Amino acid sequence: MLVLLALAGAGWPLIQLADVNGSVEPTKADMPMVAGAIILVIGTVLTVLYSHLRLLALIMISIVGLMVAIAFAYFSAPDLALTQLSVEVATIILFLLALYYLPQRTPLKESSIQRIVRDFGIASAVGAVVGTLCYAMLTRPLDSISGFFLENSKTGGGGTNVVNVILVDFRGFDTMGEITVLGIAALGIYKLLAGMRLYLPAADHEGQAWSKDKNPLMLAVVSQSLLPLALLVSAYIFLRGHNMPGGGFIAGLITAIALVQQYVAHGSSWMKARLNLPYHVLIAVGLLLSIGAGLGSWLFGRPFLTTWFDYFYLPLIGKFELASALVFDLGVYFTVIGATLLILANLGQLNSAERPRIGVR
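Now the structure itself:
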């Protein structure tokens, strides 16, 4: 009933339209875009068909996310493509950690013909209504505020990467709210996982014992070798973010993924002995840096989060820019690292090698 009401609400604007076709000519599709859309549809369909095989379904979902990132890159949105790719990798790692505690297969449930027809009908109707609404909207001229940001990004924010300048300057208060929510969510998940232990069976569903090699040598060597390279790439992405695709959010995800990979390859005990970071402190430091960057503008009589920037020259380096937005972006960087690792690293520590025995405390 709820779906039908939503469908009726979405379809009401279509009833009022005299003509679905607008005055704006639709973009002509070319073969690479069509091929990407077909791969996306195939990946989605296979996910539905083979969803009872959890690992295979996860692979199909990752293909869908990759195609979305490629679509962003194709439509000249490299920042969105990098963000989508980084989030996709972090999400897949999260799902893999969750799969570790789940059976390999989802129990199959037989569906009646009536239910299949009903679900197919609702899905087709929703897809048709939403698709028609999108087409009607995109073929009509709309007033855009993008011109303001394009004109004032360099002069007002000191950067040529309009997306990053919007995030850390024009709409920096929104970004600060988002990383605050991210930090609160991470702390909430950490509290839910604290003290939880999931006891694993001694064998898989076919009765085969688990491998005694919990940390494969090749994975450990490769991941350890890639760590400095990943950190270098993260620093590069962070520093260039104000003028080229990148920024603190993407760089933070790259660093977090590189460190989580060490947990996966070497285990929690190995990582704690070498890098026992208090991730909740990283979240606090990140939020304080972002708030401090905003409060600093008050010292000069400017509104909260007003960006300051200037250009300097050093021998052998040349002309470069310094901006207060860099401090704000550094806060985003630390918050993303702390929140991601607080969730993923603690999720990977839930299992216990010993099963509880009845009557023994």
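Start counting the sequence shown at 55; every next residue gets the next number (my numbering). Every residue, glycine too, gets a C-beta built ideally from N, C-alpha and C. It should be emphasised that the depicted structure is a prediction, and the values quoted were computed from it without experimental measurement.
- A straight-line Cα-Cα distance of about 18 Å links Val216 and Val381.
- In the DSSP assignment, Leu329 falls outside any beta strand (DSSP E), carrying neither H nor E.
- Listed in chain order, the non-local C-beta contacts of Leu307 below 7 Å within the same chain comprise Ser140, Val141, Ala144, Val390 and Thr394, local neighbours out to five positions each way being set aside.
- When DSSP reads this structure, Phe363 sits in a beta bridge with Ala377.
- For Lys245, the uninterrupted alpha helix (DSSP H) run begins and ends at Gly226 to Leu247, by DSSP.
- The shortest CA-to-CA distance from Leu241 to any of Leu56, Leu401 and Gly63 is the one to Leu401.
- The straight-line gap separating the alpha-carbon atoms of Ala131 and Phe363 is approximately 25 Å.
- In the three-state reduction of the DSSP assignment, Leu370 falls in the coil class, being assigned neither a helical nor a strand state.
- In the displayed model, Arg356 falls within coil according to three-state DSSP, outside both helix and strand.
- Annotation for Glu79: no alpha helix (DSSP H) segment contains it, and DSSP assigns it neither H nor E.
- For Leu134, the enclosing alpha helix (DSSP H) begins and ends at Pro132 to Leu153.
- In terms of Cα proximity to Thr81, the closest of Gly372, Ser116 and Tyr189 is Tyr189.
- In the pairwise beta carbon analysis, the stretch 144-159 is classified as touching the stretch 296-316: at least three pairs are separated by under 8 Å.
- Judged by DSSP in its simplified three-state form, Leu107 adopts strand.
- Between the alpha carbons of Phe388 and Tyr333 lies a distance of about 9 Å.
- Contact between Gly301 and Gly340 fails: their C-beta atoms lie close to 14 Å from each other, not under 8 Å.
- Secondary structure of Arg159 (DSSP, three-state): strand.
- The DSSP-derived three-state label of Phe174 is helix.
- In the three-state reduction of the DSSP assignment, His320 falls in the helix class.
- Residues of the same chain with a CB within less than 7 Å of the CB of Val287, apart from the 5 flanking positions on each side, are Ile308 in chain order.
- By the Cβ criterion, the stretch 196-206 is not in contact with the stretch 274-292, since fewer than three pairs of Cβ atoms, one from each stretch, lie closer than 8 Å.
- Annotation for His296: no alpha helix (DSSP H) segment contains it, and DSSP assigns it neither H nor E.
- Around the CB of Val184, fewer than 16 other CB atoms lie within 10 Å, so the residue is classed as exposed.
- In the structure shown, Ile199 falls within a coil segment according to DSSP collapsed to helix, strand and coil.
- The continuous stretches of alpha helix (DSSP H) do not include Val222, and DSSP gives it neither H nor E.
- Listed in chain order, the non-local C-beta contacts of Gly90 below 8 Å within the same chain comprise Met121, Ile124, Ala125 and Tyr128, local neighbours out to five positions each way being set aside.
- Two segments are said to touch when three or more pairs of C-beta atoms, one from each, lie closer than 8 Å; by this definition the stretch 355-373 touches the stretch 207-225.
- Within the same chain, Leu94, Gly97, Thr98 and Thr101 come within 8 Å of Val118 by CB-CB distance, once the 5 residues on both sides are set aside.
- In the DSSP assignment, Ser344 falls within the alpha helix (DSSP H) that extends over Tyr333 to Gly350.
- The C-beta of Gly213 has 16 or more other C-beta atoms within 10 Å across all chains shown, which makes the residue buried.
- Excluding sequence positions up to five before and after Pro299, its CB lies within less than 7 Å of the CB of Pro132, Asp133, Leu136 and Asn215, all in the same chain and listed in chain order.
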